[in-house]
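Structure first, then comments.
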Amino acid sequence: MTTPSHARISKAVIPAAGLGTRFLPATKATPKEMLPVVDKPAIQYVVEEAAAAGLSDVLMVTGRNKRPLEDHFDRNYELEEALHRKGDGSRLAKVQESSDLATIHYVRQGDPRGLGHAVLCAAPHVGDQPFAVLLGDDLIDPRDPLLRRMIEVQEQHGGSVIALMEVDPASIHLYGCAAAAPTGDDDVVTVSDLVEKPEPGEAPSNLAIIGRYVLDPAVFEVLRKTDPGRGGEIQLTDALQALAADTGLGGPVHGVIFKGRRYDTGDRGDYLRAIVRLACEREDLGPDFRAWLRSYVTEEM
Ligand code: G1P
């Protein structure tokens with residue numbers, strides 16, 4: 000029999016309660032997670048990533064106005080029946096795909112008190128197992144599997160694992176930032192210090208936290224005691240900082256350095272870049288779209 004701490008990680012938590020103000024007015028009545036990236040809502044890529052890493056139990060932490068998320072991952076019998084009657088098997092498969100990806104649960108955050116608070120809302124569902132957190136604004140290219148590697152590192156070292164990416168020092172103030180020391184593995188570091196969105200000149204490195212975490216459940220106890228930090232919100236980074244500083248609280252914090260493709264769909268410019276890149280790479284749309292883009296760039300710009 001396996002002990003709880005060595006049980007295979009199976010739960011993913013996706014915080015999705017944010018207001019999406021950067022995309023107003025599109026997000027006035029539509030959750031930002033539902034904005035399409037080519038022809039799939041951004042959130043579906045994230046659930047697909049969790050499922051591909053073997054996480055079959057997904058908890059979404061939502062809020063008011065997020066009902067379309069529940070509808071998207073549920074069956075739509077009326078639509079399925081209509082497509083079935085038309086004999087449109089390929090669209091029918093697309094419609095059914097999102098409801099077959101994982102078992103999805105929902106909890107409401109109520110008061111939006113920050114990412115740390117959103118993660119804390121998952122405590123009753125997660126229980127005493129390590130679990131993953133995936134932030135919906137970060138899309139990780141499926142060809143560069145990050146989460147699977149993070150789970151492997153967590154199984155090897157215990158404690159918690161965060162995803163880190165080197166960024167231009169001029170933009171580190173937009174992220175959580177880690178001070179870290181090398182380990183025997185090229186892509187793994189031991190995290191000694193974390194700062195949420197450091198002031199210019201105060202960042203301990205140019206290693207930015209990107210939105211993937213594999214967390215020891217001890218993080219919940221720490222979050223309960225974490226005071227509001229940057230922006231007056233309860234920050235997950237601050238709780239992880241406490242875990243990194245005192246491994247007696249719940250094991251060490253390691254970082255996996257990610258060098259693959261990441262798209263930030265929370266920023267309008269990056270969102271557009273993500274759509275263009277993914278559309279160019281699609282087998283069905285890519286050839287035509289690339290040809291158009293090439294002529295658009297040479298003739299119009
Ligand atoms: C959150 C985290 C931050 C992390 C970022 C990654 O910030 O608090 O540490 O670097 O996600 O996308 P947010 O972008 O939600 O303000």
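The numbering of the sequence shown is numbering that gives the first Met the number 0, which starts it at 0 and goes up by one. Glycine included, every Cβ here is placed at the ideal spot set by N, Cα and C.
When the distance is taken between beta carbons, is alanine 15 closer than 9 angstroms to proline 30? The residue labelled residue 30 in the question sits at position 31 within the sequence shown. The residue labelled residue 15 in the question sits at position 16 within the sequence shown. The Cβ-Cβ distance between proline 30 and alanine 15 falls below 9 angstroms.
Would you say leucine 54 touches the ligand G1P, meaning its beta carbon is less than 8 angstroms from a heavy atom? By 1-based counting over the sequence shown, the position of residue 54 is 55. Relative to the ligand G1P, the beta carbon of leucine 54 is positioned no closer than 8 angstroms to any heavy atom.
If I'm right that leucine 138 touches alanine 207 with Cβ under 8 angstroms, what's the distance once you round it to whole angstroms? Taking the sequence shown and counting its residues from 1, the one referred to as residue 138 is at position 139. Taking the sequence shown and counting its residues from 1, the one referred to as residue 207 is at position 208. Going by Cβ atoms, the distance from leucine 138 to alanine 207 rounds to 16 angstroms, so no, they are not a contact pair.
How do the region 236-248 and the region 124-131 stand: do at least 3 beta-carbon pairs fall below 8 angstroms, yes or no? When Cβ pairs closer than 8 angstroms are counted between the two stretches, the region 236-248 is seen not to touch the region 124-131, the count staying below three.
What three-state label does DSSP hand arginine 107 in the structure shown? Numbered from its first residue, the sequence shown carries residue 107 at position 108. Strand, per DSSP.
Measuring CB atoms only, is the region 269-284 touching the region 200-216, in the sense that at least three cross pairs come out at less than 8 angstroms? Contact between the region 269-284 and the region 200-216 is absent, because fewer than three Cβ pairs lie under 8 angstroms.
Any heavy atom of the ligand G1P closer than 8 angstroms to the beta-carbon of isoleucine 208? On the sequence shown, residue 208 is found 209 positions in, with the first residue counted as 1. Yes, the beta carbon of isoleucine 208 sits closer than 8 angstroms to at least one heavy atom of the ligand G1P.
Cα separation between arginine 260 and glutamate 151? Residue 260 sits at position 261 when you count from the first residue of the sequence shown. Residue 151 sits at position 152 when you count from the first residue of the sequence shown. Distance between the alpha carbons of arginine 260 and glutamate 151: 20 angstroms.
State yes or no: is the C-beta of glutamate 195 nearer than 8 angstroms to some heavy atom of the ligand G1P? Here the question's residue 195 lines up with position 196 in the sequence shown. Glutamate 195: yes, Cβ under 8 angstroms from the ligand G1P.
Evaluate contact between the region 214-231 and the region 246-256, counting only Cβ atoms and requiring at least three cross-stretch pairs below 8 angstroms. The count of Cβ pairs closer than 8 angstroms, one atom from the region 214-231 and one from the region 246-256, reaches three, so the stretches are in contact.
Helix, strand or coil: which one does DSSP assign to serine 98? Against the sequence shown, residue 98 aligns to sequence position 99. Reduced to three states, the DSSP call for serine 98 is helix.
Express the C-alpha separation of arginine 276 and valine 36 in angstroms, rounding to a whole number. Taking the first residue of the sequence shown as position 1, residue 36 is located at position 37. Taking the first residue of the sequence shown as position 1, residue 276 is located at position 277. The straight-line gap from Cα to Cα measures roughly 10 angstroms.
Using only the alpha-carbon positions, how far apart do serine 9 and lysine 39 sit? Indexing the sequence shown from 1 puts residue 9 at position 10. Indexing the sequence shown from 1 puts residue 39 at position 40. Take the alpha-carbon of serine 9 and the one of lysine 39: they are about 24 angstroms apart.
Whether glycine 210 touches glycine 268 by CB criterion (9 angstroms): The residue labelled residue 210 in the question sits at position 211 within the sequence shown. The residue labelled residue 268 in the question sits at position 269 within the sequence shown. With a cutoff of 9 angstroms on beta-carbon distance, glycine 210 and glycine 268 are scored as not near each other.
Which two residues bound the contiguous beta strand (DSSP E) that contains lysine 258? Here residue 258 refers to the residue found at position 259 when the sequence shown is read from its first residue. Per DSSP, lysine 258 belongs to no beta strand (DSSP E) and is neither H nor E.
Within its chain, find whatever has a CB closer than 6 angstroms to the CB of glycine 157; leave out the 5 residues flanking it on each side and keep chain order. The count along the sequence shown starts at 1 and reaches residue 157 at position 158. Take glycine 157, set aside five residues on each side of it, and the residues of its chain with a beta-carbon closer than 6 angstroms to its own are Gly250, in chain order.
Out of curiosity, what's the CA-to-CA distance linking aspartate 167 and isoleucine 274? Locating residue 167 in the sequence shown gives position 168, where the first residue counts as 1. Locating residue 274 in the sequence shown gives position 275, where the first residue counts as 1. Taking the straight line joining both Cα atoms gives about 23 angstroms.
Taking just the CA atoms, how far does glycine 228 sit from glycine 183? Position 184 of the sequence shown holds residue 183. Position 229 of the sequence shown holds residue 228. Approximately 33 angstroms, taken between the alpha carbons.
Supposed contact pair valine 118 and valine 45 - C-beta distance, whole angstroms, cut 8 angstroms: Within the sequence shown, residue 45 is the residue found at index 46, counting from 1. Within the sequence shown, residue 118 is the residue found at index 119, counting from 1. Actually they are not in contact, since the Cβ atoms of valine 45 and valine 118 sit about 15 angstroms apart, beyond 8 angstroms.
Give the C-beta separation of arginine 90 and leucine 82 to the nearest angstrom, bearing in mind that I take them to be a contact with Cβ-Cβ under 8 angstroms. One-based indexing of the sequence shown puts residue 90 at position 91. One-based indexing of the sequence shown puts residue 82 at position 83. Going by Cβ atoms, the distance from arginine 90 to leucine 82 rounds to 5 angstroms, so yes, they are a contact pair.
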